[in-house]
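Following my numbering from start to finish, the sequence shown increments by one per residue and tops out at 234.
Virtual Cβ for every residue (Gly too), placed ideally from N, Cα, C.
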Amino acid sequence: MIPTFDDLVARARSLPRDGRRAVLGIAGSPGAGKTTLAEHLVRELNGAGDPWVAQVPMDGFHLADVELDRLGRRDRKGAPDTFDAAGYAALLRRLHEGADGDTVYAPGFERDLEQPIAGALAVEPTARLVVTEGNYLLLDTGAWARVRPQLDEVWFCELDEPERLRRLIARHERFGKSHDEAVAWVMRSDQRNAELVATTRDRADLVVPGTALPTPQEPPTARAGT
9 MIPTFDDLVA
19 RARSLPRDGR
29 RAVLGIAGSP
39 GAGKTTLAEH
49 LVRELNGAGD
59 PWVAQVPMDG
69 FHLADVELDR
79 LGRRDRKGAP
89 DTFDAAGYAA
99 LLRRLHEGAD
109 GDTVYAPGFE
119 RDLEQPIAGA
129 LAVEPTARLV
139 VTEGNYLLLD
149 TGAWARVRPQ
159 LDEVWFCELD
169 EPERLRRLIA
179 RHERFGKSHD
189 EAVAWVMRSD
199 QRNAELVATT
209 RDRADLVVPG
219 TALPTPQEPP
229 TARAGT
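The structure is reproduced here in structure tokens:
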């Protein structure tokens, strides 16, 4: 059965059990719709009541450009070794266990600056579900292998390849690259990462097809009931 957006909302709502906080991971290749799906899920689940769902993207664990320059990895920013995977796994563990009852602060990622921002996101003790999205949630090498055990489920977004590339190029253009620069970056760096991410698909609990993915311009309520 191919899931709809309504199915995804219901499945995410059911994850917290026995009074424990749950963490849902959304994986997929660059441009596959991970962030859009995560944002729509969080808005739909929180509705107009007291927020009980938080969003913590993996992108906050990008290494800063100054560190990438020091390591000589700036030209392939976005590859697995350009993130603090161990730090991300440690944060997920703290969020998942939720034992200290404190507000947990997580880094965000500023797209205009293309830099991580420390302490940008607050996860309150009342959050019963945390949604986190990123390319490498299912990667089983190095420190990335510590991520999957902290996730109750991982969904894999799968978008038709031409549409994924179109959206990815458009995103790079939106944040300042020329069309030629965007195409070159996507085909050199992003596509290499996408091929690696694709090898992790079979480790997901659920594959989310493009038909269930909201478009970036579409409000959450527009997908409900479809």
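| Item | Value |
| --- | --- |
| Measuring alpha carbon to alpha carbon, tell me which residue in Y113, G150 and T140 is nearest P133. | Y113 |
| Nearest by alpha-carbon distance to A192: which of L173, T43 and R28 is it? | L173 |
| Thinking C-alpha only, which one of R25, E171 and P38 is nearest A87? | P38 |
| With distances taken Cα to Cα, identify the nearest neighbour of Q158 among S22, G109, R21 and L99. | L99 |
| Measuring only the C-alpha atoms, how far is V194 from A206? | 16 angstroms |
| Given P228, which residues of its chain have a CB within under 6 angstroms of its CB, disregarding the five upstream and five downstream residues? | Note that P228 has pLDDT 40, beneath the 50 cutoff, so the model's placement of it is unreliable and the number below is only indicative. Same-chain partners within the cutoff: H48, R51 and E52. |
| Since P170 is in the beta strand (DSSP E), which residue starts that stretch and which ends it? | Segment E169 to R182 is the alpha helix (DSSP H) holding P170; no beta strand (DSSP E) there. |
| From what residue to what residue does the beta strand (DSSP E) around L214 run? | L214 to P217 |
| Following the continuous alpha helix (DSSP H) through Q158, name the residue where it begins and the one where it ends. | Run containing Q158: none; DSSP gives neither H nor E here. |
| Just how far apart, CA to CA, sit V17 and E122? | 30 angstroms |
| Give the range of the beta strand (DSSP E) segment to which L23 is assigned. | Premise fails: L23 is in no beta strand (DSSP E) and is neither H nor E. |
| Pick out the complete alpha helix (DSSP H) segments inside the stretch 84–166, 4 residues or longer, and give them in chain order. | 93–105 |
| Please list, in chain order, all residues of the same chain as E141 whose beta carbon is under 6 angstroms from its beta carbon, the five residues on each side excluded. | I34, K42, T43, A46 and P65 |
| CA-CA distance, A202 and F91? | 16 angstroms |
| For V74, count the other beta carbons within 10 Å of its own beta carbon; 16 or more makes it buried, fewer makes it exposed. Which is it? | exposed |
| Over what stretch of residues does the beta strand (DSSP E) that includes L32 continue unbroken? | A30 to G36 |
| Helix, strand or coil, according to DSSP, for V61 in the structure here? | strand |
| Under DSSP, the alpha helix (DSSP H) around H187 begins and ends at which residues? | H187 to W193 |
| So H187 and F117 are in contact, right, with Cβ under 8 angstroms, and what is the actual spacing, rounded? | Not confirmed; about 23 angstroms, so no contact. |
| I think P217 touches E166, with their Cβ atoms under 8 angstroms apart; what is that distance to the nearest whole Å? | 6 angstroms |
| Quick check on DSSP: helix, strand or coil for L221? | coil |
| Going by DSSP, which residues form a beta bridge with H7? | The chain is shown from 9 up to 234; residue 7 falls before or after that span and cannot be answered. |
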